[in-house]
Amino acid sequence: MTSNREIHLASRPQGWPTADNFRLVETEVPTPGPGQIVVRNQFMSVDPYMRGRMNDVKSYVPPFALDAPLDGGAVGEVVAGGADGISVGDTVLHGLGWREYALLDGRSARRVDPDVGPVSAYLSVLGMTGLTAYAGLLDVAAMRPGETVFVSGAAGAVGSMVGQIAKLRGAGRVVGSAGSPAKVARLTELGFDAAFDYHDGPVRDALKAAAPDGVDVYFDNVGGEHLEAAIGAMNLHGRAAICGMIAQYNSAEPPAAPRNLALVIGKRLTLRGFLVGDHGDLREQFVTEVAGWLREGRLSYDETIVDGLDNAPEAFLGLLRGENLGKMLVRL
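Each residue of the sequence shown is one higher than the last, beginning at 18 in this note's numbering.
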């Protein structure tokens, strides 16, 4: 255990990122100090929000530094060091992905039980992804039984959870958009009442056909044309949980839509952005309820797994191109 590899940000993208924006760097495996642990990462997450951190702009989270390793969610085994409640051999969840071995303060890691399910699940259905869907739908948008829910990017890691949780919590109708016929078919398998491929025509027309009585709750992963269509379709006092806007992350130009924001006034709509970190108080309730659904076979989740740290940049680029079904992960 002497050699470590990391993915560094070599340059800041202009528009769409390319492989040239990343660099594979070999380093030494770090040595832990008091209260520190070294984790051999087994899985790491790539997520749409990481695109924003590649820009050197002020945001809710600091930008990635040039010529330094990127970071993000990861799960792995403790191989050296120790801290209160964490020992060698434990499996932990932490925030220093994009590297094979991570050195971190033991207080910034959280032990997880590998016997509950695959450890990768702690980066998806039982982790930040699942909590994002749960908190956004039930707390931020305050979905009520019988309501119609529209989810954009619904075949992704968060969107697919939102639709299923909505059905499990009594939604009257759940509609999802996705980027291919195969993804649309998967949404119907997951229990969505209707789904459409947004490449087939204007989103507003497809949404009107799928939700003829309007939309009460919109969970936004896409922004742009999807948000405009949702605003137009929403019923009085509709609520939108704004989770992401992947449609404009790589654009160098201001978004063309939504152009109908004035409807927010007359319809008395609520459009609320949120970050999953603001909803940690729901974690225990979330894990209890979701773990129960998983045990009962009432909730399914998909993972797209890319092998090898050296392929992490391509996994991230594939995520931005919509090549994933469910959660995009890298197995190290």
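C-beta: ideal position from N, C-alpha, C; glycine also.
For VAL307, which residues in the same chain have their Cβ closer than 6 Å to its Cβ, ignoring the five residues on either side in sequence? For VAL307, same chain residues with a beta-carbon under 6 Å away, outside a window of 5 residues either side, are GLY147 in chain order.
List in chain order: all unbroken beta strand (DSSP E) runs of 3+ residues lying wholly within the segment 267-293. Those beta strand (DSSP E) runs which fall completely within the segment 267-293 and span 3+ residues are 287-290.
Thinking C-beta only, is ALA183 closer than 9 Å to VAL175? The answer is no: Cβ separation not under 9 Å.
Under a three-way DSSP split, which group does GLU94 fall into? Strand, per DSSP.
For the segment 23-110, list the beta strand (DSSP E) runs that are entirely contained and at least 3 residues long, ordered along the chain. 39-45, 53-62, 91-98, all fully within the segment 23-110.
Through-space distance from ASP230 to LEU121, alpha-carbon basis: So the alpha carbons of these two residues sit roughly 51 Å apart.
Using 8 Å for Cβ pairs, my map puts MET345 next to VAL63. What's the rounded Cβ distance? Rounded, the Cβ-Cβ distance is 5 Å, consistent with contact.
Distance between ASN252 and MET160 (C-alpha atoms, nearest Å): The C-alpha of ASN252 is placed about 13 Å away from the C-alpha of MET160.
Cβ pair ASP73, ARG29 closer than 9 Å: In contact: ASP73 and ARG29 (Cβ atoms closer than 9 Å).
Tell me GLU320's beta-bridge partners as DSSP assigns them. In the DSSP secondary-structure assignment, GLU320 is bridged to LYS344.
Taking only the alpha-carbon atoms, compute the straight-line gap between GLY339 and GLU331 and give it to the nearest angstrom. Roughly 12 Å between the two C-alpha positions.
N- and C-terminal bounds of the alpha helix (DSSP H) containing ARG304: Per the sequence shown, residue 304 should be read as Val rather than Arg. Residues 300-312.
Run the CB neighbour count on LYS75, radius 10 Å, all protein chains shown included, and call it buried at 16 or more, exposed below. With fewer than 16 other CB atoms across the displayed protein chains lying within 10 angstroms of its CB, LYS75 is exposed.
Give me the Cα-Cα distance between ALA228 and ASP319, rounded to the nearest whole angstrom. Rounded to the nearest angstrom, the two C-alpha atoms are 26 Å apart.
Relative to the alpha-carbon of MET71, which residue among VAL55, ALA97, HIS25 has its alpha-carbon at the smallest distance? Across the set VAL55, ALA97, HIS25, the C-alpha of HIS25 shows the shortest separation from the C-alpha of MET71.
Between which two residues does the alpha helix (DSSP H) containing SER177 stretch? Counting along the chain, the unbroken alpha helix (DSSP H) around SER177 starts and ends at 174-185.
Rounded Cβ spacing between ALA188 and ALA258 (contact assumed at less than 8 Å): Contact doesn't hold; Cβ gap of about 14 Å is too wide.
My output table needs one value for THR165: the three-state DSSP class, helix, strand or coil. Of the three classes helix, strand and coil, the one that applies to THR165 here is strand, per DSSP.
Between the alpha carbons of THR44 and ARG128, how many angstroms are there, rounded? Distance between the alpha carbons of THR44 and ARG128 is about 26 Å.
Can you list, in chain order, the residues of its chain whose CB lies under 8 Å from that of LEU337, leaving out five sequence neighbours each side? For LEU337, where only same-chain residues beyond five positions count, the Cβ hits under 8 Å are TRP33, PRO34, PRO65, ARG68, ILE263, TYR266, ASN267.
Using 9 Å as the threshold, is the C-beta distance between VAL109 and VAL142 below it? Not closer than 9 Å, so no.
Nearest residue (CA-CA) to SER317, options THR165, ALA138, ALA119: Residue nearest to SER317 within the set THR165, ALA138, ALA119 is ALA138 (criterion: CA-CA distance).
Under a CB-based cut-off of 9 Å, is VAL78 close to chain B? Chain labels in this structure do not include chain B; a single protein chain is all it has.
Is the distance from the Cβ of LEU342 to the Cβ of ALA212 below 9 Å? Not closer than 9 Å, so no.
Would you decide whether HIS254 is buried or exposed? Buried here means 16 or more other CB atoms lie within 10 Å of its CB. Exposed, because fewer than 16 other Cβ atoms sit within 10 Å of the Cβ of HIS254.
One question on the structure: do TYR118 and PRO51 come within less than 9 Å of each other, judged by their Cβ atoms? No, Cβ-Cβ distance for TYR118 and PRO51 is not below 9 Å.
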